[in-house]
Amino acid sequence: MNLLIKNGHIIDPSQGIDGKGDLVIENNRIKEISLAQKGRRNAEGKLSWLQGFRTIDASGLHVLPGLIDIHTHMREPGFEYKETIKTGTMAAVKGGFTSVCTMPNTNPVNDNSSVTDFIIRKAIQEGECTVYPIGAITKGQRGEELAEMGIMYAEGCVAFSDDGRPVMSSLVMRRALEYSRAFNVPIISHCEDLNLSEGGVMNEGLLSVTLGLRGVPPEAEEAMVGRDIALAGLAKGRLHIAHVSTAGSVRLIREAKARGIQVTAETCPHYFSITEKEVEGYNTNAKVNPPLRRQEDVDALKEGLKDGTIDVIATDHAPHHRDEKLREFDQAPSGISGIETAIGISLRLVEHGVLTLAQLVEKMAKNPAVILGLDKGSLKPGADADITILDLNKEYGVDPGKFVSKGKNTPFEGWMLKGMPVITICKGRVHE
Amino acid sequence: MKLSSKDLLGIKDLSKDEIMLVLDTASGFKDVLRRDIKKVPALRGKTAVNLFFEPSTRTKTSFELAEKRLSLDVVNFAVTTSSVVKGESIIDTALNVQALGAEFMVIRHPSSGVPHLVSTHIHASVINAGDGINEHPTQALLDAFTMKEKTGRLEGLIVAIVGDVLHSRVAKSDCYLLTKFGAEVRLIGPPTLVPLEMQSVGVRVFHDMEEGLRDTDVVMMLRIQMERQGRGFFPSTLEYARYWGLTTERLSMAKKDAIVMHPGPMNRGVEIVSEIADSPRSVILEQVTNGLAVRMAVLYLLAGMKE
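Top to bottom, those sequences are chains A and B.
The first sequence begins at 22 in the numbering used here and counts up by one.
The second sequence begins at 819 in the numbering used here and counts up by one.
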């Protein structure tokens, strides 16, 4: 596909671009960007060979490198009733994402290269955007023996994680952080001390006592963030901390970065936007792991995003079937279907002055690519034509009935958001 | 006056006036229970279903008798033989029971919030007979009824609740009720079993039992669940009893006419010694009798609410 996107406001932190201009795509790759300057004509006028290119008028719109979600659950293989690679990537594209990284807690677990291969093939056949598998750290995510990381890496895994089932053995985690250095891939840690969080279904505090629900103290996360930082220092490995939810974790990561530990971190829209109060009325759509916390945690996460302690905004898109959520709070599965609301909610950070739009693009495109070593997240010439075009003025209400994802489980139902992806281009293919 | 909701889900949601209405109505039913013929035709032709998803003897029996005294048709839904073990969802179970024509659903469930979940899906009245570690509202109402009957008041009363507050839905409902009426509530127990968060609902926390019992009007002992032993909450029942068991010496710290309560079932020799349990100061069996009157009042008032 050859394409000219003209008159858009182009933001590409990887090249320090933030201004009006035109973007040329040839053979599904970025050909060039020409920024509008006084006394100089734009690409369309300058280049006669653009005749015959499809033209998208992006006047009044923002043109960004395609967003990358470092943390999703596409649920396939094994849980196709919750989501499939097809529906999940359709939802991703609607949410402005051109690449998603899918966690290994499928059935069977992505702990060997056949499952990795299945996911990659399925994504090529049916996926609407690029899918990067994340392999399991340990066989069966049991936390005991290392999975064949090297073979899975060769097959296409871009990182390793036992997401949802933290590696409780410090020794196994040390080995994982050491061994993964051979392939220069990060270990993504779901930080939760299972002994401390046992039986917990929401944040621990007055509200959990009031609702009679068992709590997970913030310290269950922080104890493991502290441990994993120590182990990353010992093993000299690359640690990426998933879905940071507490003020204490932000402090620990900030301090570790200052000491030069190779640690990066992500948080999710729900952790910096809403609190444990959403659980009131036993709302299972607000049940998520780690649990929604308090206002002081929300504030600390925003501060961490602002000062760069938190590198990435991920969705932790965790679709579930309606029937699974429509049950006893302590029996319902954890997770939020978040891939279609992530950008709209994250743009509130820009509106409230926490981040500039360019910083938001760093956290949702550039940084995930850098952390995973992907040739993505940039509009530099030669890169895949992965582009997200945003209309920052478009206002809309969140209606889970209109989600493309099979998972309608969101605590944001009825929220009014401003700013929506109007066109998502994946490797030159235009989704409008 | 009427109740404001079709359901009784918890004490949290009730106003003082609603609680007083239940207690006053229960007095009337207590008179009925003293008669030779203890049955009234108040709710004849209506149906109550008791859905107990957790083992229970006294609460279930109490509800069943209360229902029968009001001439309700009563069905006990036995969970172990039901479709629940076949994987039916709680909402489907409730809808099926409603389709059979039940006007009242009395629910006990190990998960907190289940009566709330069910109540939003059905139009029958839901009565919470204990949900998880959340609330047990009829127990708190019968406790308040008993305290008021014995001491003549709730306001200004000093009530000590001793034991496993953390896992006790009774203690929580009692706290909500008593603080609404201006009673002073003291929670006493080991730090592992008394959540400090409760202080923000206006109660005081003590770990020293003698200190906590000083000048109390009511001493409410909670059952120590044997299954907590070995799970790290306390080292042994022997040690527990030594520090937080109610003995005659400890009870002497309370007011001379203080009453002793227990929601049952008791572990004699652990949280309470027999000398006290069987003494005139113990109102434990009267709590059981009052429970019947209070549950009749709740059913009766909820029926009126829907007319």
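Even for Gly, the Cβ is constructed at its ideal location relative to N, Cα and C.
This one's a predicted model, so the numbers in the text were calculated from it and none came from an experiment.
Query                                                                                                                                        : Result
Option in B:1106, B:1083, B:1082 and B:1078 with minimal Cα separation from residue 1093 of chain B                                          : B:1078
Chain-order list of residues whose beta-carbon lies under 6 Å from that of residue 221 of chain A (same chain, five-residue window excluded) : 235, 236 and 237
Within 8 Å, strictly: CB atoms of residue 448 of chain A and residue 35 of chain A                                                           : no
Segment contact, 8 Å Cβ cut-off, at least three pairs: the region 980-997 of chain B with the region 945-957 of chain B                      : yes
Sub-8 Å separation of residue 290 of chain A and residue 363 of chain A beta-carbons                                                         : yes
Endpoints, the beta strand (DSSP E) within which residue 923 of chain B is located                                                           : 922-927
Residue 484 of chain A versus A:281, A:37, A:49 and A:54, residue with shortest Cα-Cα distance                                               : Past the boundaries of the shown model lies residue 484 of chain A; chain A is included only from 22 to 453, so the question cannot be answered.
Proximity of residue 1068 of chain B and residue 1027 of chain B at Cβ, strictly below 8 Å                                                   : yes
Environment of residue 852 of chain B [buried if 16+ CB atoms lie within 10 Å]                                                               : exposed
Rounded separation between residue 85 of chain A and residue 937 of chain B - CA only                                                        : 48 Å
Status (buried if at least 16 other CB within 10 Å, exposed otherwise) for residue 75 of chain A                                             : exposed
Cβ neighbours of residue 151 of chain A in the same chain (closer than 6 Å, five flanking residues each side left out)                       : 120
Residue 338 of chain A beta carbon near the ligand ADP (any heavy atom closer than 7 Å)                                                      : For the ligand ADP, the structure offers nothing, since it holds no ligand at all.
Spatial distance of residue 47 of chain A from residue 71 of chain A (CA atoms)                                                              : 10 Å
Which residues DSSP lists as bridging residue 285 of chain A, in chain order                                                                 : A:261
Where residue 7 of chain A falls: helix, strand or coil (DSSP)                                                                               : One cannot answer for residue 7 of chain A here, as it falls past the ends of chain A, which runs 22 to 453.
Three-state secondary structure (DSSP) of residue 450 of chain A                                                                             : strand
Proximity winner among B:975, B:870, B:1090 and B:1033, relative to residue 1055 of chain B (alpha-carbon distances)                         : B:1090
For residue 369 of chain A, the nearest candidate out of A:440, A:426 and A:360 (CA to CA)                                                   : A:440
Beta carbon of residue 999 of chain B nearer than 8 Å to that of residue 834 of chain B                                                      : yes
Closer than 7 Å at the beta carbon, the chain B residues around residue 352 of chain A                                                       : 929
C-alpha distance - residue 1127 of chain B paired with residue 233 of chain A, whole-angstrom precision                                      : The structure shown does not extend to residue 1127 of chain B, since chain B is modelled only from 819 to 1125, so the question has no answer here.
Extent of the continuous alpha helix (DSSP H) run through residue 1101 of chain B                                                            : Element bounds for residue 1101 of chain B: n/a, residue is neither H nor E.
Residue 420 of chain A burial status per 10 Å Cβ neighbour count (16 or more: buried)                                                        : exposed
As assigned by DSSP and simplified to three states, the class of residue 314 of chain A                                                      : coil
Pair within 8 Å by beta-carbon distance, residue 1076 of chain B and residue 840 of chain B                                                  : no
Rounded straight-line distance, which links the Cα of residue 891 of chain B to that of residue 1162 of chain B                              : Lying before the first or after the last residue shown, residue 1162 of chain B is absent from chain B, which here runs from 819 to 1125.
Three CB pairs or more closer than 8 Å across the region 194-211 of chain A and the region 160-178 of chain A                                : yes
Residues near residue 836 of chain B in its chain [Cβ-Cβ closer than 7 Å; skip 5 each side]                                                  : 821 and 822
Environment of residue 303 of chain A [buried if 16+ CB atoms lie within 10 Å]                                                               : buried
Continuous beta strand (DSSP E) stretch holding residue 415 of chain A: start and end                                                        : 408-418
Any 3 or more C-beta pairs closer than 8 Å across the region 311-330 of chain A and the region 391-398 of chain A                            : no
Beta-carbon spacing of residue 196 of chain A, residue 164 of chain A below 8 Å                                                              : no
Beta bridge counterpart(s) of residue 180 of chain A as assigned by DSSP                                                                     : A:155
Residue-chain proximity (residue 237 of chain A, chain B), Cβ-Cβ < 8 Å                                                                       : no
Members of the region 341-369 of chain A that neighbour chain B once the beta carbon cut-off is set at 9 Å                                   : 344, 347, 348, 349, 350, 351 and 352
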